[in-house]
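Report on the structure given below.
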Amino acid sequence: MVYNININNQNFLTSIYQQIISYNNFITNTIKNIVKKKKIKIIFKDNEFGLNIRGTNSHLTLPLKIEGKNFKKFTPFISRLSKYSYSGILLIAINVETIKLNQFKKNDSKCYFINLGNIPILLRSLK
Numbered sequence: 000m001v002y003n004i005n006i007n008n009q010n011f012l013t014s015i016y017q018q019i020i021s022y023n024n025f026i027t028n029t030i031k032n033i034v035k036k037k038k039i040k041i042i043f044k045d046n047e048f049g050l051n052i053r054g055t056n057s058h059l060t061l062p063l064k065i066e067g068k069n070f071k072k073f074t075p076f077i078s079r080l081s082k083y084s085y086s087g088i089l090l091i092a093i094n095v096e097t098i099k100l101n102q103f104k105k106n107d108s109k110c111y112f113i114n115l116g117n118i119p120i121l122l123r124s125l126k
């Protein structure tokens, strides 16, 4: 991204550029690092089965408008007119692995996607 910086508005445009860099870093790195650091291990009372739960990845979707059963992309202008928030859905991929403690077999593993909510999209960001 290239910004034209006038001498009169240098501080204003620099702060906008800094906010865009901070937002891009939060979306691309910080959320993924938080998700990957958290691991949960659950052992049930009978001590034969357990679960390993860990986050594997995160994804922020493009802004979508739901119309019936269809999803439709929209622009900031349309969101302003229709009073929608210009935001994407934050999805987290969670890997759930079942543990059989008394056996040396391969554990079953399934991946689930969890919707954590909407995050506003900053204009001129990577999203």
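Just so we're aligned, residue 0 is where the sequence shown starts under numbering that gives the first Met the number 0, counting upward by one.
Note that CB positions come from ideal geometry on N, CA and C, so glycine has one too.
Judged by DSSP secondary structure, Arg53 falls within the beta strand (DSSP E) whose first and last residues are Phe48 to Leu59. With respect to the 8 Å criterion, Gly49 and Ile42 are classified as neighbours on the basis of their beta carbons. By the Cβ criterion, the stretch 53–69 is in contact with the stretch 82–96, since at least three pairs of Cβ atoms, one from each stretch, lie closer than 8 Å. In this structure, the alpha-carbon of Ile19 lies about 26 Å from that of Ile113. According to the DSSP assignment, Ile39 belongs to no alpha helix (DSSP H) but to the beta strand (DSSP E) extending over Lys38 to Ile42. Apart from sequence neighbours up to five positions away, no residue of its chain approaches Ile33 with a beta-carbon distance below 6 Å. For the pair Phe25 and Ser57, the Cα-to-Cα distance works out to about 12 Å.
With contacts defined as CB atoms closer than 8 Å, Ile120 and Ser86 qualify as a contacting pair.
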